[in-house]
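Report on the following structure.
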Amino acid sequence: MDQPELSDCAQQLTQILTRHGRDASRLLQILRDVQDACHVISAQAIDLIAVHLAVPRVNVEGVAGFYSFLSTRPVGEYQVLFSGNITDQMLGQDELMQYLCNKLWVEPGKVSEDGLVSIAGTSCTGMCDQGPAALVNGWVLTNLDRNRLDLIGELIRSRKPVAEWPPMLFETADNIRRADMLLGDALAPGAAIGAVLARGARETLAEMDKSNLRGRGGAGFKTASKWSFCHAAIVEEEGHVICDVGGPPERVIVCNADEGEPGTFKDRVLLNSYADLVFEGMTVGARVVGASKGFLYLRGEYRYLLNRLEGVLKRRREAGLLGNAILGQADFSFDIEIHLGAGAYICGEESALIESLEGKRGRPRNRPPFPVTHGYQGRPTVVDNVETFACAAKIAEKGGAWFAAMGTAQSTGTKLLSVSGDVASPGIYEYPFGVTVRQVLADCGAEDPYAVQISGPSGTCVSWKEFDRCIAFEDIPTAGAFMVFSRKRDVFDAVRNFTHFFAHESCGFCTPCRVGTALQQKIIDKIHGGHGTLSDLEELKRLGHLLKTMSHCGLGSSAANPVLDVLAKFPDAFEHKLAGLAFEPAFDLDGALETARKITGRDDEWAHL
Amino acid sequence: MTERQIRLATCSLAGCFGCHMSFLDIDERLFDLVELIEFDRTPLTDIKHCGPCDVGIVEGGVCNAENVHVLKEFRKNCKVLVAIGACAINGGLPSLRNNIDLWDCFQEVYQYEGGLEGGVVPNDPELPLPFDKVHPIYEVVKVDYFLPGCPPSGDAIWRFLTDLLAGREPKLEYEQLHFD
Ligand SMILES: Cc1cc2nc3c(=O)[nH]c(=O)nc-3n(C[C@H](O)[C@H](O)[C@H](O)COP(=O)(O)O)c2cc1C
Ligand code: SF4
Ligand code: SF4
Ligand code: FES
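First to last, the sequence lines map onto chains A and B.
Residues in the first sequence are numbered consecutively from 205, following the numbering used here.
Residues in the second sequence are numbered consecutively from 381, following the numbering used here.
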């Protein structure tokens, strides 16, 4: 029984390796395909891949072990992963997951005995405006309820291939509720590139500079500066190369579509309906910095967009907007390749993303050197967010002054907000920077709002007292998430969800974060379990300081934000849960003896605490 | 002889006594130490219960009900409580059993493994009843200091104690914390 399956996989493996040209930098893509075909990355598969790619076995195993969507132990033929963001939980995700588990006779986190199905949780899938959501074998399911789960249960039991499931289960909506300059009027494909070619690359960089565009991925670095550093990393006139990695000097453009920050889903909408705008922006960037190679790093959760995006790329190549001699310009070639992630939030961090693009574990690099001088395969690399490229295309077309006229002094242009939680109309809202939190809440029909988590777990928790603050780098910077909690919610639940998220997503490279996020989760769970005391709150503050100051990358240094914010702004949310002021054990001492009491049959005085 | 005012107690819970052995590695400095302190309950004195003390040092994690009684007695009586070694701090080696179900553990030991107690699980109240899992001591009582290592070196223990006894905030040099 086992034997044919094994050789079946071996055969598929050879095909997969051939398809990827036995290229070690495509290791992650190869492993994704193996996981798809075999539902496991077996020890034999790892052996074979290592031999064929001529890399040490431990590299292959290391990558296979790093990403959540790869598994070295078999998962079910049907793997259902429920999106575990707080907004999914607010929509009843926990109960739904249990409901499906009961239906299919399987425990959460385990594989059913016949190997048919496994059900577990995963981090936010970016469907917060149409949750609860889940992934089945990597394909996204939205708007789950008991009826849909009944149907899904039937489909799984009757072993219907996922490709033949009713399309309505996989329907996703853009839910664009407010459009401004970015989402408002469409750009004719080629218009921005044409404008760049007419104006010149240096002149376009000057327009970018004038626009004062700042990165939309979170950090808010000025895009024109990043582009000019990347350009300057290879001094063309003298043929002098600062970062000489051998071979012809080449710069690289990377679009960061990892969108892993829970509560953020605007890049998904841009890629679904404005892909031309994004690719156009990347091509503009390529012309300005002098790059010939481009990558779109698409998070694994969005693989359903892959075919569509490949189609757009193909159409653009045919229209002369990608490939050799773009728009007939002999010295302008640039093309874009799409890489899929495999469930790792850390791969949104630009240097981890580059590692992942190279087929490795997503481990943040030491910086400096920064990617602009030493990025993909050591080459000067621009990594920008999806929305940043979309803005760049608009600026190339309409000019820097036009763009700078919108928004505020330090935050020009508009921002896409991904609104979810306790609101009447969740979805995408585009506003000029400077809009107040109160305005957004009014527009989306927030019900009795109490707190808003802006920019996701690593961002800021804004209380009802601060709703007149505004969305801008000068006040509340954001990558786009806007999760609303009404007065009937307990913000502690959100904090608990976020600490679990960070503990799960910590890449494990540095100790302050690997251990710190786990300890933070433990203390929060202790408080949740009714065993917390004041000394635990003190410990949380101490830990938070350690995480902020000692972590290797931004994940660790922001992992304490939700705890510290809520401790400062909603102390009641914690204090109501404390068991007392003095110390309390972290677990139920007597309860932890119950198993042994049962086994030994004892009930004497010494068998209790 | 001057009056020794500082009382020190030590005990080993779910540990291997390695930390205590390391304590003895302070060698001849033990003579200096006993000039400064009086031992209360320790494996050296064979005193069974801890009385009021200034400092209590605990080796090993918490794996059974008896450990809890001892630990709580230490906490109640010691002004300063110190967790010494990986087992007390994190659970350490004994906590490797945390991934094994307690039922499986008992079955393996008493039922499948021949020759023990005629294949029955012992139920004598004299035997400490084990927890589902091994816990670090900070999950059961408040701990004031953590002295890391498996075991911490004699030098590290000496430095820690002399700092503490002199009323300084204990501080270990890098060399005393790493083993490479
Ligand atoms: C843990 C972590 C996760 C991140 N995730 C993303 C992401 O999903 N998308 C993104 O554009 N930037 C993300 N970033 C920011 C990137 O490192 C980088 O700053 C950004 O892609 C630069 O593009 P921009 O200048 O256009 O904002 C993340 C950063 C960290 C530390
Ligand atoms: S801070 Fe966390 S995510 Fe970042 S490198 Fe360290 S362990 Fe990895
Ligand atoms: S920390 Fe090491 S030496 Fe000390 S009790 Fe535990 S195993 Fe033994
Ligand atoms: S996908 Fe469910 S909340 Fe983000």
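Glycine included, C-beta positions come from ideal geometry on N, C-alpha and C.
Practice item. Use the C-beta contact count for Ala253 (chain A): other C-beta atoms within 10 angstroms, 16 or more gives buried, fewer gives exposed. Key: In the first sequence, the residue the question calls residue 253 (chain A) occupies position 49. Checking the displayed sequence, the identity of residue 253 (chain A) turns out to be Ile instead of Ala. Classification for Ile253 (chain A): buried.
Exercise for review: Tell me whether the beta-carbon of Gly660 (chain A) lies closer than 8 Å to the beta-carbon of Ala628 (chain A).
Suggested key: The sequence position of residue 660 (chain A) within the first sequence is 456, counting from 1. The sequence position of residue 628 (chain A) within the first sequence is 424, counting from 1. No; because the gap between Cβ atoms is not below 8 Å, this pair is not in contact.
**Study point:** Euclidean distance between Cα positions of Gly547 (chain B) and Gln385 (chain B)
**Key:** Here residue 547 (chain B) is taken as the residue at index 167 of the second sequence, counted from 1. Here residue 385 (chain B) is taken as the residue at index 5 of the second sequence, counted from 1. So the alpha carbons of these two residues sit roughly 14 Å apart.
Review point. DSSP beta-bridge partners for Trp343 (chain A)?
Key: For the purposes of this step, residue 343 (chain A) is taken as residue 139 along the first sequence, with counting starting at 1. Answer by DSSP bridge pairing, in chain order: A:Val340.
Point to revise | Other residues of its chain near Phe705 (chain A): CB distance less than 7 Å, five sequence neighbours each side excluded | key: In the first sequence, counting from the first residue as 1, residue 705 (chain A) sits at position 501. Around Phe705 (chain A): Ser327, Pro466, Pro661.
Review point. Near Phe286 (chain A), which residues of its chain fall below 6 Å by C-beta distance, leaving aside the five closest residues on each side in sequence?
Key: Taking the first sequence and counting its residues from 1, the one referred to as residue 286 (chain A) is at position 82. Only Gln297, Met301, Gly325, Ala338 meet the Cβ criterion.
Check your understanding: Relative to the C-alpha of Phe419 (chain B), which residue among B:Asp405, B:Val435, B:Phe540, B:Arg409 is closest?
Key -> By 1-based counting over the second sequence, the position of residue 419 (chain B) is 39. Out of B:Asp405, B:Val435, B:Phe540, B:Arg409, B:Val435 has the C-alpha closest to the C-alpha of Phe419 (chain B).
Exercise for review: Under 7 Å between beta-carbons, which chain C residues line up against Asp512 (chain B)? List them in chain order, please.
Suggested key: Checking the listed chains, one finds no chain C in this structure; the protein chains it contains are A and B.
**Study point:** Segments of 3+ residues assigned as beta strand (DSSP E) that fall wholly inside the region 262-308 of chain A
**Key:** 282-287
**Study point:** Among A:Val639, A:Arg418, A:Phe536, A:Ala548, the one whose alpha carbon lies nearest that of Val587 (chain A)
**Key:** Taking the first residue of the first sequence as 1, we reach residue 587 (chain A) at position 383. If we check each option's Cα against that of Val587 (chain A), A:Arg418 comes out closest.
Review point. Taking 7 Å as the cut-off, does the CB of Phe397 (chain B) come closer than this to any heavy atom belonging to ligand 2?
Key: Position 17 of the second sequence, counted from the first residue, corresponds to residue 397 (chain B). Phe397 (chain B) Cβ: outside cutoff for every heavy atom of ligand 2.
Check your understanding: What residue range is occupied by the uninterrupted alpha helix (DSSP H) comprising Gln725 (chain A)?
Key -> As a working mapping, residue 725 (chain A) is identified with position 521 in the first sequence. Run containing Gln725 (chain A): 715-732, per the alpha helix (DSSP H) assignment.
Practice item. Kindly indicate if chain B contains any beta-carbon less than 8 Å away from that of Arg806 (chain A). Key: Position 602 of the first sequence, counted from the first residue, corresponds to residue 806 (chain A). Chain B, which has a Cβ nearer than 8 Å to the Cβ of Arg806 (chain A), makes this yes.
**Study point:** Alpha carbon of Ile550 (chain A) to alpha carbon of Leu545 (chain B), nearest angstrom
**Key:** The residue given as residue 550 (chain A) occupies position 346 in the first sequence. The residue given as residue 545 (chain B) occupies position 165 in the second sequence. Their Cα atoms are separated by approximately 46 Å.
Practice item. Return no unless some Cβ of chain A is closer than 8 Å to the Cβ of Pro432 (chain B). Key: Residue numbering aside, residue 432 (chain B) sits at position 52 when the second sequence is read from its first letter. No - not a single Cβ of chain A is within 8 Å of the one on Pro432 (chain B).
Check your understanding: Which partner residues does Tyr478 (chain A) have in the DSSP bridge list?
Key -> As a first step, residue 478 (chain A) must be located in the first sequence, where it is residue number 274. None, per the DSSP bridge assignment.
Exercise for review: May I ask you to list the residues that DSSP assigns as paired with Pro636 (chain A)?
Suggested key: For the purposes of this step, residue 636 (chain A) is taken as the residue at position 432 of the first sequence. Pro636 (chain A) is bridged to A:Thr618.
Review point. Just how far apart, CA to CA, sit Asn765 (chain A) and Gly758 (chain A)?
Key: As a first step, residue 765 (chain A) is located in the first sequence; it is residue number 561 there, counting from the start. As a first step, residue 758 (chain A) is located in the first sequence; it is residue number 554 there, counting from the start. About 11 Å.
Practice item. Tell me Ala324 (chain A)'s beta-bridge partners as DSSP assigns them. Key: Within the first sequence, the letter at position 120 stands for residue 324 (chain A). In the DSSP output, where bridge partners are listed per residue, Ala324 (chain A) has A:Leu285.
Check your understanding: Any heavy atom of ligand 2 within a distance shorter than 7 Å of the CB on Ser718 (chain A)?
Key -> Within the first sequence, the letter at position 514 stands for residue 718 (chain A). It is worth fixing the name first, because residue 718 (chain A) is Arg in this sequence and not Ser. At least one heavy atom of ligand 2 is nearer than 7 Å to the Cβ of Arg718 (chain A), so yes.
Point to revise | Sequence-distant residues of the same chain with beta carbon closer than 8 Å to Lys459 (chain B), five excluded per side | key: The residue given as residue 459 (chain B) occupies position 79 in the second sequence. Result list for Lys459 (chain B): Cys433, Asp434, Val435, in chain order.
Point to revise | Where the beta strand (DSSP E) containing Arg539 (chain B) begins and where it ends | key: As a first step, residue 539 (chain B) must be located in the second sequence, where it is residue number 159. Unbroken run through Arg539 (chain B) is the alpha helix (DSSP H), 534-545; no beta strand (DSSP E).
Point to revise | His732 (chain A) versus Val695 (chain A) - alpha carbon distance | key: Taking the first sequence and counting its residues from 1, one reaches residue 732 (chain A) at position 528. Taking the first sequence and counting its residues from 1, one reaches residue 695 (chain A) at position 491. C-alpha separation (whole angstroms): 12 Å.
Review point. Thinking C-alpha only, which one of A:Glu505, A:Val456, A:Gly280 is nearest Glu463 (chain A)?
Key: The count along the first sequence starts at 1 and reaches residue 463 (chain A) at position 259. With distances taken between Cα atoms, Glu463 (chain A) lies closest to A:Glu505.
Review point. Can you tell me whether Gln491 (chain B) is buried or exposed, with buried defined as 16 or more other CB within 10 angstroms of its CB?
Key: Locating residue 491 (chain B) in the second sequence gives position 111, counting from the first residue. Per the 10 Å Cβ criterion, exposed.
Check your understanding: Of the choices A:Asn416, A:Trp606, A:Glu591, A:Thr408, whose alpha-carbon is the least far from that of Gly494 (chain A)?
Key -> On the first sequence, position 290 is the one that residue 494 (chain A) refers to. The residue with the shortest Cα to Cα distance from Gly494 (chain A) is A:Thr408.
Check your understanding: Quick one: which chain B residues come within Cβ less than 9 Å of Ser739 (chain A)?
Key -> Residue 739 (chain A) sits at position 535 when you count from the first residue of the first sequence. Within 9 Å Cβ-Cβ: Lys522.
Review point. By DSSP, does Leu813 (chain A) sit in helix, in strand, or in coil?
Key: Reading the first sequence from its first residue, position 609 is the one you call residue 813 (chain A). Correct three-state label for Leu813 (chain A): coil.
Practice item. Mind checking the region 774-795 of chain A against chain B and listing, in chain order, the residues whose C-beta falls within less than 7 Å of any C-beta there? Key: Phe787, Pro789, Ala790, Phe791, Leu793
Check your understanding: Of all the options A:Gln216, A:Phe686, A:Met331, A:Leu274, which has the alpha carbon lying nearest to the alpha carbon of Tyr633 (chain A)?
Key -> Residue numbering aside, residue 633 (chain A) sits at position 429 when the first sequence is read from its first letter. Ranking A:Gln216, A:Phe686, A:Met331, A:Leu274 by Cα distance to Tyr633 (chain A) puts A:Phe686 first.
Check your understanding: Is it the case that the CB of Leu723 (chain A) approaches a heavy atom of ligand 2 more closely than 7 Å?
Key -> Indexing the first sequence from 1 puts residue 723 (chain A) at position 519. No; taking the cut-off as 7 Å, the Cβ of Leu723 (chain A) has no heavy atom of ligand 2 nearer than that.
Exercise for review: Please confirm if Leu552 (chain B) has its CB atom under 8 Å from at least one CB of chain A.
Suggested key: One-based indexing of the second sequence puts residue 552 (chain B) at position 172. So no, Leu552 (chain B) is outside the interface.
Review point. Which same chain residues, not among the five before or five after Asp378 (chain A), have their C-beta less than 8 Å away from its C-beta?
Key: Position 174 of the first sequence holds residue 378 (chain A). Within the same chain, Asp378 (chain A) has close Cβ partners Val473, Asn476, Ser477, Gly631, Ile632.
Point to revise | Proximity winner among A:Val458, A:Asp807, A:Pro568, relative to Val576 (chain A) (alpha-carbon distances) | key: For the purposes of this step, residue 576 (chain A) is taken as the residue at position 372 of the first sequence. The candidate whose alpha carbon is nearest that of Val576 (chain A) is A:Val458.
**Study point:** Segments of 3+ residues assigned as beta strand (DSSP E) that fall wholly inside the region 349-397 of chain A
**Key:** 380-382
Review point. Are any of the Cβ atoms in chain B nearer than 8 Å to that of Met431 (chain A)?
Key: In the first sequence, counting from the first residue as 1, residue 431 (chain A) sits at position 227. According to the sequence provided, residue 431 (chain A) is Trp. The question's Met does not apply to it. No, its Cβ sits nowhere closer than 8 Å to a Cβ of chain B.
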